[in-house]
Amino acid sequence: RITRPQNAFILYRKDIQSEIVKENPNVKLEQISKIVGEKWANASDETKNRYTILAELCNRVHRDIFPNYKFIPKSK
Numbered sequence: 004r005i006t007r008p009q010n011a012f013i014l015y016r017k018d019i020q021s022e023i024v025k026e027n028p029n030v031k032l033e034q035i036s037k038i039v040g041e042k043w044a045n046a047s048d049e050t051k052n053r054y055t056i057l058a059e060l061c062n063r064v065h066r067d068i069f070p071n072y073k074f075i076p077k078s079k
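Structure, rendered in structure tokens:
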């Protein structure tokens with residue numbers, strides 16, 4: 004199964020999650036999501052732009068590797 008390319012928030016989360024766990028070793032996944040969401044909401048435009056550019060690069064690479072990929076959501 005081909006996964007979707009990662010967006011800016013997901014890339015940010017991957018980078019910051021280990022830092023959050025290091026600061027709070029017993030933190031639960033749902034708490035991590037809340038913390039990351041708050042940090043993303045308060046992140047500077049420069050930080051958000053950096054991750055947006057990274058996401059665009061990931062999208063380009065994804066398109067090169069999977070040129071015929073089309074996202075089809077699973078029906079519920």
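Sequential numbering from 4 applies to the sequence shown in the numbering used here.
Glycine residues also receive a C-beta, built at the ideal position from the N, C-alpha and C atoms.
Predicted model only: the values in this text are computed from it and were never measured.
DSSP three-state assignment for residue i, whether helix, strand or coil
{"i": "S78", "result": "coil"}
{"i": "N52", "result": "helix"}
{"i": "F69", "result": "coil"}
{"i": "I19", "result": "helix"}
{"i": "S47", "result": "coil"}
{"i": "C5", "result": "A quick correction: the sequence has Ile, not Cys, at residue 5. Looking at I5 - three-state DSSP - the assignment turns out to be coil, as it is neither helix nor strand."}
Enclosing alpha helix (DSSP H) for residue i [first to last residue]
{"i": "V30", "result": "First-last for V30: undefined, no H or E at that position."}
Beta carbon proximity, residue i to chain D, threshold 8 angstroms
{"i": "R16", "result": "Structure shown: chain D not included; a single protein chain is present."}
Check whether residue i and residue j have beta carbons under 8 angstroms apart
{"i": "W43", "j": "Y72", "result": "no"}
{"i": "V39", "j": "I56", "result": "no"}
{"i": "Q9", "j": "A46", "result": "no"}
How do the stretch 18-26 and the stretch 34-42 stand: do at least 3 beta-carbon pairs fall below 8 angstroms, yes or no? yes
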